[in-house]
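**Q** Quick one: structure below, then a few questions.
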Amino acid sequence: MKISLGLLVSVSIAGIATPAAAQSDRTSPGDSVAAADGGEDAIVVTALKRSTNLQDTAATIQAISGNEVQAAQIVDVTNVGRLVPSMQIYTSPLGNPALFLYGMGTAGAGTTFEQSVMPFFNGVANGHGRSMLIGTYDLQSIEVVKGTQAILGKNASLGAILVNSQKPRSKFEATLTGRYEFELDSVYGEGMVNVPVSDSLKFRFAGQYRDDGGWIRNATLNRDETAIKSYSGRASAQWTPASNFTLDLVYQYDHRSAKGSSYVPVSFVAHPFLPTAPGRTNFSGATGPYGPTGDEYRSHRVSSTAVLDLDGVTMTAITGYQKYDAASSIDADLLPTALFAARFEERDRLFSQELRLASDEGGAFNWLFGGYFGHDKFSTPIFARTAIGSTDFAFDQVTKTLSAFASSSYALTDQFELSGGVRVTSEQKRAVIGNTRIVAGPYSNSSQPPFPATLVKRARTTVDYSVSAKYEFSPELMAYVSYGQGTKSGGFNNQPKPAPTYEAFRSGAQFSEETAHTLEVGVKYTIPGIGYVNLSGFRVRVDNFQNAVADGALLIYRSLNQRSDGFTLDAMVRPIDGLSLNATVTYADTHDTSNDLPLSFSPKWSGNLGATYSRDLGGVSLTTGVDLEWRSSQFYRPPSSSNPPASEFLYNFGSAQRLNARVALGFADGRYEVALLGRNLTNNLIIDNAYNAPPFYTGYAASIEKPRTIAAQFTLRY
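So my numbering is basically just the index in the sequence shown, starting at one, shifted up by 100.
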């Protein structure tokens with residue numbers, strides 16, 4: 101079944117282009133204005149461990165409301181980049197997500213790396229890429245911190261993404277949303293029930309179901325890939341036994357399975373089984389010894405947040421436990437016969453405890469200090485089967501982390517404020533690494549020769565900091581400057597080579613700390629009652645950037661020095677009642693400082709332009725919206741075992757644009773809503789990632805994003 105593209109776009113644009121003078125009783129999803137007086141419309145962020153007005157915060161933070169998340173069809177964390185132009189989130193062939201900000205981030209191929217842009221879920225951090233495969237539904241907000249903030253937690257060297265679920269409320273309410281997508285025959289549903297038992301005890305239950313059809317045809321297996329099924333459930337409780345104490349408990353379970361991959365082969369020369377340009381057909385991946393390409397993920401998350409008001413001092417304790425198990429099977433050569441196949445497994449068990457004390461806001465001097473403990477057991481065995489040899493890797497690692505942090509701010513005058521923070525982190529890692537040859541051959545004999553299980557250790561203490569100054573010219577206009585250093589800890593390669601001595605092996609198996617330095621200058625202007633305009637310039641320098649990329653059948657680990665210079669413009673205005681216009685544009689010149697070449701997957705320009713209009717039609721509310729996601733050209737640079745020459749070949753994937761639209765009708769004061777949703781309406785073919793092909797042919801494998809999708813949605817609220 102097909103929905104007319106012209107109809108959807110025409111209705112959306114018509115709704116925006118004909119704003120009437122009539123007042124609208126309901127704002128569009130996510131409509132909020134950062135008021136200078138901190139009134140009802142102020143956007144409040146908590147990313148820096150305090151509740152502050154976004155427009156008063158001396159940092160670049162993008163806040164996304166739960167309504168905006170749902171309207172943009174963001175069903176898991178890997179979709180958040182749709183609303184944050186400076187953020188790219190890619191998925192490696194292993195199904196491992198990777199976060200990038202300003203063109204820099206941690207590659208998904210290196211599963212032992214932790215993310216430089218740290219993911220948090222309800223205040224609990226987990227740096228492993230797989231931890232991002234969680235459902236995003238019934239949310240309070242998603243906050244993206246761009247740049248180094250010392251107090252945010254270990255390894256948040258380039259920034260952070262914080263996902264905050266909705267807390268239980270004081271009245272009974274329920275919602276149910278169902279969506280059917282016509283182009284790929286996909287089904288989506290989510291629901292929520294909020295149950296207040298008493299004034300002091302409240303519960304909230306929410307769930308999500310997803311069944312996405314594939315969009316790339318695998319001719320050999322006669323199926324459409326990638327087909328994703330997932331379901332998730334969350335139970336939340338809030339207990340307030342006294343006016344000065346609140347305890348929030350959250351448990352979430354996620355299960356995700358994917359059939360196939362979004363990667364297709366591209367050959368530089370004529371080939372009987374391979375196209376010479378990326379597309380959605382003529383793909384011929386085979387079934388290997390571990391089954392067809394696909395991945396599966398299961399996770400359990402438990403967190404508690406206790407807040408105690410001690411008359412002038414607030415104590416907060418955040419306890420978290422996260423457990424996930426994942427497995428990926430891949431046909432890496434993407435040919436009709438499985439010449440190179442592998443199975444990658446991941447298991448993670450993470451316990452963390454954070455305790456902090458903070459002064460109450462309002463005085464000239466404010467302070468915060470605390471401590472963090474983390475214990476992480478992580479393993480990622482690899483089973484490689486190739487036509488030229490087979491081998492099994494073992495990797496088991498235990499990480500213990502202790503850190504102390506503090507921050508303070510002091511208002512020298514009513515207009516001028518200085519602030520700073522420091523974090524001292526001590527981390528110990530122990531890993532057992534081994535490689536067993538299963539079948540002899542060139543791959544298992546020389547490319548990845550065997551070695552016995554070996555214990556390696558490392559321990560480091562690092563000190564990170566951030567400082568800032570802000571000046572308020574008026575209640576509406578503020579300027580700031582900030583500088584910060586953040587460190588991401590080193591670790592061990594899970595596919596090292598044997599060495600003649602233990603010290604040589606240990607040295608070759610480990611990678612060193614990554615250090616980021618961020619300088620930022622910004623201006624934030626609030627247009628009273630209408631909107632805001634924020635502009636910030638940045639320079640980010642990363643020393644010993646941890647990098648791992650697939651080079652055919654091997655992973656190449658290489659440290660780089662990188663730099664990104666640019667600016668971000670973020671604006672939203674409501675010129676008349678019901679009409680909201682928004683624009684976010686980022687320019688980032690990101691390059692390898694050793695040869696001045698651009699980094700892989702780092703477009704210079706990216707942006708999001710949107711318009712939403714809501715009006716009352718006499719008992720029926722109409723909401724229409726159009727937005728355009730876009731980026732300039734980005735490259736994929738093939739890896740090499742040493743620093744590449746300036747002439748190294750670059751694959752240019754070209755620019756990308758994605759036009760989206762939404763039309764919704766609400767009835768009975770918003771209790772019922774029907775909507776028509778479209779994404780990538782012009783059906784552009786967009787490549788978001790790539791890796792070098794195995795040595796069986798000359799080319800690369802490109803990841804193709806979803807084509808046009810058009811969906812009908814129904815929402816019931818009680």
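Backbone N, C-alpha and C fix where the C-beta goes; we use that ideal spot for every residue, glycine too. Note that the structure is predicted; figures quoted are calculated from it, not measured.
Rounded to the nearest angstrom, how far is the Cβ of aspartate 665 from that of arginine 639, given a contact under 8 Å?
**A** The pair is a contact, with the Cβ atoms about 5 Å apart (cut-off 8 Å).
**Q** Look at the alpha carbon of proline 185 and the alpha carbon of threonine 668, and state the distance between them as a whole number of angstroms.
**A** Cα to Cα, proline 185 sits roughly 9 Å from threonine 668.
**Q** So what does DSSP say about threonine 248, is it helix, strand or coil?
**A** Three-state result, threonine 248: coil.
**Q** How about serine 399 and aspartate 460: do their beta carbons lie closer than 7 Å?
**A** No. Outside cutoff.
**Q** Apart from the five residues on each side of it in sequence, which residues of its chain come closer than 6 Å, Cβ to Cβ, to phenylalanine 753?
**A** Gln734 and Ile787.
**Q** Around the Cβ of arginine 310, are there at least 16 other Cβ atoms within 10 angstroms (buried) or fewer (exposed)?
**A** So arginine 310 ends up on the buried side.
**Q** What number of angstroms, rounded off, separates the C-alpha of glycine 692 from the C-alpha of leucine 262?
**A** It should be noted that the sequence gives aspartate, not glycine, for residue 692. In a straight line, the C-alpha of aspartate 692 is about 29 Å away from that of leucine 262.
**Q** Would you mind sorting tyrosine 800 into buried or exposed? The rule is 16 or more other CB atoms within 10 Å of its CB.
**A** Buried, because 16 or more other Cβ atoms sit within 10 Å of the Cβ of tyrosine 800.
**Q** Which runs of the beta strand (DSSP E) fall wholly inside the stretch 783 to 813 and span at least 3 residues, in chain order?
**A** Counting only runs of 3 or more, we get 787 to 792 and 799 to 804.
**Q** Judging by CA-CA distance, which residue of Ser330, Gln188, Pro268 and Phe272 is the nearest neighbour of valine 175?
**A** Taking only the C-alpha atoms, the option nearest valine 175 is Ser330.
**Q** Mind checking alanine 764: buried by the 16 CB within 10 Å criterion, or exposed?
**A** It is buried - the Cβ of alanine 764 has at least 16 other Cβ atoms within 10 Å.
**Q** Going by the DSSP bridge assignment, what does serine 165 pair with across the sheet?
**A** Serine 165 pairs with Ser241.
**Q** So if DSSP puts arginine 771 in a beta bridge, which residue, or which two residues, is it bridged to?
**A** DSSP output for arginine 771 lists no bridge partner at all.
**Q** By the 10 Å Cβ neighbour count, where 16 or more other Cβ atoms means buried, how is glutamate 613 classified, buried or exposed?
**A** Buried, since its Cβ has 16 or more Cβ neighbours within 10 Å.
**Q** Residues in the same chain with beta-carbon distance under 7 Å from valine 145, minus the five sequence neighbours each way, listed in chain order, please.
**A** The residues are Thr152, Leu154, Thr157, Ile161, Ala163 and Glu243.
**Q** Taking C-beta to C-beta, are histidine 475 and phenylalanine 505 nearer than 7 Å?
**A** No, Cβ-Cβ distance for histidine 475 and phenylalanine 505 is not below 7 Å.
**Q** The beta strand (DSSP E) that contains arginine 98, what's its start and end?
**A** Only positions 101 to 818 of the chain appear in this structure, which leaves residue 98 out of reach.
**Q** Within a Cβ cutoff of 7 Å, which residues of the same chain sit near serine 286, ignoring the five residues on either side of it in sequence?
**A** Asp311, Asp312 and Gly313, listed in sequence order.
**Q** Out of Gln585, Lys570 and Gly584, state which residue places its alpha-carbon closest to the alpha-carbon of methionine 578.
**A** It is Lys570 whose Cα lies nearest to the Cα of methionine 578.
**Q** Would DSSP call leucine 679 helix, strand or coil?
**A** Reduced to three states, the DSSP call for leucine 679 is strand.
**Q** Would you identify the three-state DSSP class for glycine 608, choosing helix, strand or coil?
**A** The answer is helix: DSSP assigns glycine 608 an H, G or I state.
**Q** Can you list, in chain order, the residues of its chain with a C-beta nearer than 6 Å to that of serine 403? Leave out the 5 residues immediately preceding and following it.
**A** Result list for serine 403: Asn222, Val224, Val350 and Gly420, in chain order.
**Q** Per DSSP, which one or two residues make a beta bridge with tyrosine 713?
**A** Answer is Leu679 and Thr724, bridged to tyrosine 713.
**Q** Output yes or no for whether 7 Å exceeds the beta carbon distance between tyrosine 632 and glycine 678.
**A** Against a cut-off of 7 Å, the Cβ pair of glycine 678 and tyrosine 632 comes out as no contact.
**Q** Kindly indicate which three-state DSSP category threonine 178 falls into: helix, strand or coil?
**A** DSSP places threonine 178 in helix when its eight states are reduced to three.
**Q** Using 7 Å as the threshold, is the C-beta distance between aspartate 348 and threonine 405 below it?
**A** Yes; because the gap between Cβ atoms is below 7 Å, this pair is in contact.
**Q** Ends of the beta strand (DSSP E) at tyrosine 472?
**A** Note, tyrosine 472: beta strand (DSSP E), 465 to 479.
**Q** Per DSSP, tryptophan 827 forms a beta bridge with which residues?
**A** Residue 827 is absent from the structure shown; the chain starts at 101 and stops at 818.
**Q** Got a sec, what are the start and stop residues for the beta strand (DSSP E) methionine 218 sits in?
**A** That run of the beta strand (DSSP E) goes 217 to 221.
**Q** Taking buried to mean at least 16 other C-beta atoms within 10 Å of its own C-beta, is glycine 463 buried or exposed?
**A** It is exposed - the Cβ of glycine 463 has fewer than 16 other Cβ atoms within 10 Å.
**Q** Grab the span of the beta strand (DSSP E) containing valine 870 for me, first residue to last.
**A** Residue 870 is absent from the structure shown; the chain starts at 101 and stops at 818.
**Q** Short check: CB of threonine 525 to CB of lysine 254, under 7 Å?
**A** Yes; because the gap between Cβ atoms is below 7 Å, this pair is in contact.
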